[in-house]
Amino acid sequence: MIYEQTGGNQNFALIRSKGDQALFGKTTQAMKAQWRVPDGRPLADFAPTIILKAKDFAAEITIHNARAHQMRSEPQISQEHVTNNQAVRQTLLNRGIRPESLPPAEDVKKVERRLASDGKKALENPDKLEGA
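Residues 0 to 131, numbered by numbering that gives the first Met the number 0, are exactly what the sequence shown covers, in order.
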């Protein structure tokens, strides 16, 4: 919805980047460096579940309010998204969770490979499933 309202990738990326700055207190690039995210990979592939949920919650509030208040421009939607990420950050801080201090989660690509491998092994060896 935000992508459609703002007219494309550049504005969408700018809004997301401003949201990260508000949530982490540092840029997306700074968090990627801190978590050692390889170039070309999204920060979300290394984000702990609580951060994924926080980002999603802030985005859903932004979408709701952008629709409800008929926001159409990047600056309007960006400000809304920043405000929502700041509120989510404050909630986390109030509960003793500092987003920028959390360690990265396991690379989602590694998890996918492991699950695919485990699934393949289970199909090759169905007897082991019954004992589990």
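Ideal Cβ positions, reconstructed from N, Cα and C, are used throughout, including at glycine. Just so it is clear, the structure is predicted and the values come from calculations on it, not from any experiment.
Between the C-alpha atoms of residue i and residue j, what's the straight-line distance to the nearest angstrom?
{"i": "L51", "j": "K108", "result": "16 Å"}
{"i": "T26", "j": "L13", "result": "11 Å"}
{"i": "V87", "j": "E105", "result": "23 Å"}
{"i": "G39", "j": "Q75", "result": "28 Å"}
{"i": "K31", "j": "D44", "result": "10 Å"}
{"i": "P41", "j": "E123", "result": "33 Å"}
{"i": "E73", "j": "L114", "result": "39 Å"}
{"i": "K120", "j": "V110", "result": "15 Å"}
{"i": "N93", "j": "V36", "result": "28 Å"}
{"i": "Q69", "j": "Q89", "result": "26 Å"}
{"i": "R66", "j": "A29", "result": "31 Å"}
{"i": "E59", "j": "G118", "result": "33 Å"}
Leaving aside the five residues before and after residue i along the sequence, list all residues of the same chain whose C-beta is less than 6 Å from its C-beta, in chain order.
{"i": "N64", "result": "E79"}
{"i": "N84", "result": "G18, A21, L22, A57"}
{"i": "A53", "result": "V87"}
{"i": "V81", "result": "K17, A21"}
{"i": "G24", "result": "E99"}
{"i": "S202", "result": "Nothing can be reported for residue 202, as the shown portion of the chain is limited to 0 through 131."}
Return the Cβ separation of residue i and residue j in integer angstroms, given the expectation that the two are a contact with Cβ distance under 8 Å.
{"i": "P103", "j": "W34", "result": "4 Å"}
In this structure, how does DSSP classify residue i when only helix, strand and coil are distinguished?
{"i": "E73", "result": "helix"}
{"i": "V36", "result": "coil"}
{"i": "T26", "result": "coil"}
{"i": "G18", "result": "helix"}
{"i": "E59", "result": "helix"}
{"i": "A46", "result": "coil"}
{"i": "E135", "result": "Shown here, the chain extends from 0 to 131; a query on residue 135 therefore has no answer."}
{"i": "P41", "result": "coil"}
{"i": "N124", "result": "coil"}
{"i": "G95", "result": "coil"}
Got a sec? Which residues, its chain only, sit under 8 Å from residue i by beta carbon, not counting five neighbours each side?
{"i": "L101", "result": "P47, I49, I50"}
{"i": "L91", "result": "I49, A53, R97, P98"}
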